[in-house]
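Asks:
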Amino acid sequence: MRHAMIVLKEQRKQQGQHPGLLLQRYLCEPVTGQNGNPQERRAVLQAAINAAKNEHVLGLYRTAFERWKASCSPDSVSDTLVTQGRLIVGLGSENVLETGIRLHHTYGTPIIPGSALKGLASHYCDQMWGQRHIEVPEEENRLFRRGECYHNFLFGTTDDGGAITFHDAWIVPESLKDGGLCLDVMTPHHPNFQRGPESPKFKPPTDFDSPTPVPFLSVSGSFHLVVSWNGPEHAQSPRWTTLALTLLKQALADWGVGGKTSSGYGRLIDPTKKQTGVQQKQSKSIELPKAGETVQAVLLEKRTKKGGWRAKHETSGLIGPIQNSHDVPPDKRPGDTLILLVASANEREMAFRYPTATDEHRAQQFKGKTKGAAESQSKR
């Protein structure tokens, strides 16, 4: 058995060409538990990285990639996005290393399943385009909520499939040379606490806990996205597929896909619109006003579907409805600048209220309470 392991290690080092097979079958020593060898974990991960850059693998994958693109239906729409950092799909999947990754079964290259992309787009459509943060959204936005007609048409229901197919996203072959699979690491600081109260090793966290480095594989590079029409022939099908791709791209840029998105993983953006460090710093410096604050906004000529006013906040460029448009004086015209209250604000939209006597009274009451609390605190 010992001789077989030595031979296995040599094959892994010199002849391994399929990253997925290396990760699943070429682990020669235990890597978990008290007797686990952390160096063995790094060795098999590095072997997978090297295999993904193998020229023979790249040549085969490049041919398969072009064949896959050519097989897509003529009515499909596509685009190529680049990772804004790192991406990890399948981190929690069953694996001998405790940290998994989703790879193409045949070629062992990184892939984003179409089911993951569809699920992301569906949730983003419901929450953002459907304006779940607004109690009474505009009629067109409401139709994008889960259970409404636009959402059902795009993504389907439990009884019927949607009109759009979200295909697996393949990594661009050139990305495997300069990026592709990358060695990454996470450092849980309180592993016994994070096991949960059900574990016999559960302990409350303390400042004396030592971080435990856990290496894993993540992905960097460009991915080719494809969505296609899945319904009957219709003159509007190109518009729906384009809309679905736009929705998916926004979801990938804003929320990301896969694991560790709360830590910044999984974002994919248009490479032609990739911000420089200076641009990112400038964009982050613009803080959105909070609900209840007063701002200057310009009235727009385009009204809401119910005929209400829409306004644009000049500083952020965000546009949204004036919820109490009936309180706006009748002599106001498009292009006029008004002082408005912020009803709600997010990265996509800002809703306003025209200040009324009731709003001013509430503001005075709030200021009075704040002042009283401050004086009480100072006396203590």
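In this note's numbering, the protein residues as written are 386 to 765. Cβ coordinates follow ideal geometry from the N, Cα and C atoms, glycine included.
Which parts of the segment 408-472 are runs of the beta strand (DSSP E), unbroken and 3 residues or longer, counting only runs that do not cross its ends?
Replies: DSSP runs (the beta strand (DSSP E)) wholly in the segment 408-472: 462-468.
Asks: Looking at the structure shown, is F601 part of a helix, part of a strand, or coil, going by DSSP?
Replies: As a position in the sequence shown, residue 601 is number 216, starting the count at 1. In the structure shown, F601 sits in a strand (DSSP, three-state: E or B).
Asks: Can you check which of these residues, P522, L568, G405 and A629, is closest to I496 by C-alpha distance?
Replies: Taking the first residue of the sequence shown as position 1, residue 496 is located at position 111. Cα-wise, what sits closest to I496 is G405.
Asks: Since F379 is in the alpha helix (DSSP H), which residue starts that stretch and which ends it?
Replies: Within the shown structure, residues of the chain are numbered from 386 to 765, placing residue 379 beyond reach of any answer.
Asks: Within a Cβ cutoff of 7 Å, which residues of the same chain sit near D594, ignoring the five residues on either side of it in sequence?
Replies: Within the sequence shown, residue 594 is the residue found at index 209, counting from 1. So the qualifying residues of the chain are H574 and H575.
Asks: Measure the beta-carbon distance from F608 to T484 and round it to whole angstroms, keeping in mind my assumption that it falls under 8 Å.
Replies: Mapped onto the sequence shown, residue 608 falls at position 223. Mapped onto the sequence shown, residue 484 falls at position 99. About 21 Å separates the two Cβ atoms, so there is no contact after all.
Asks: Quick check on F608: does DSSP put it in helix, strand or coil?
Replies: Start at 1 with the first residue of the sequence shown, and residue 608 comes out as number 223. Reduced to three states, the DSSP call for F608 is strand.
Asks: To the nearest angstrom, how far is it from the Cα of G644 to the Cα of W694?
Replies: As a first step, residue 644 must be located in the sequence shown, where it is residue number 259. As a first step, residue 694 must be located in the sequence shown, where it is residue number 309. Rounded to whole angstroms, G644 to W694 spans 41 Å at the Cα level.
Asks: In whole angstroms, what is the alpha-carbon distance linking H698 and L488?
Replies: The residue you call residue 698 lines up with position 313 of the sequence shown. The residue you call residue 488 lines up with position 103 of the sequence shown. The straight-line gap from Cα to Cα measures roughly 45 Å.
Asks: What is the DSSP secondary structure of F540, reduced to helix, strand or coil?
Replies: In the sequence shown, counting from the first residue as 1, residue 540 sits at position 155. In this structure, F540 counts as helix in the three-state DSSP scheme.
Asks: Is the separation between the beta-carbon of A437 and that of L566 shorter than 9 Å?
Replies: One-based indexing of the sequence shown puts residue 437 at position 52. One-based indexing of the sequence shown puts residue 566 at position 181. It is a contact, given that the beta carbons lie within the stated cut-off.
Asks: Exposed or buried, which one is L568 when buried takes at least 16 other CB atoms within 10 Å?
Replies: Translated into positions along the sequence shown, residue 568 becomes position 183. Result: exposed.
Asks: Buried or exposed: where does H403 fall if 16 or more other Cβ atoms within 10 Å of its Cβ makes it buried?
Replies: Within the sequence shown, numbered from 1, the residue matching residue 403 stands at position 18. Label assigned to H403: buried.
Asks: Starting from R695, trace the beta strand (DSSP E) in both directions and tell me its first and last residue.
Replies: In the sequence shown, residue 695 corresponds to position 310, counting from 1. That run of the beta strand (DSSP E) goes R695 to H698.
Asks: Going by DSSP in three states, G499 sits in which element: helix, strand or coil?
Replies: As a working note, residue 499 is residue 114 in the sequence shown. It is helical.
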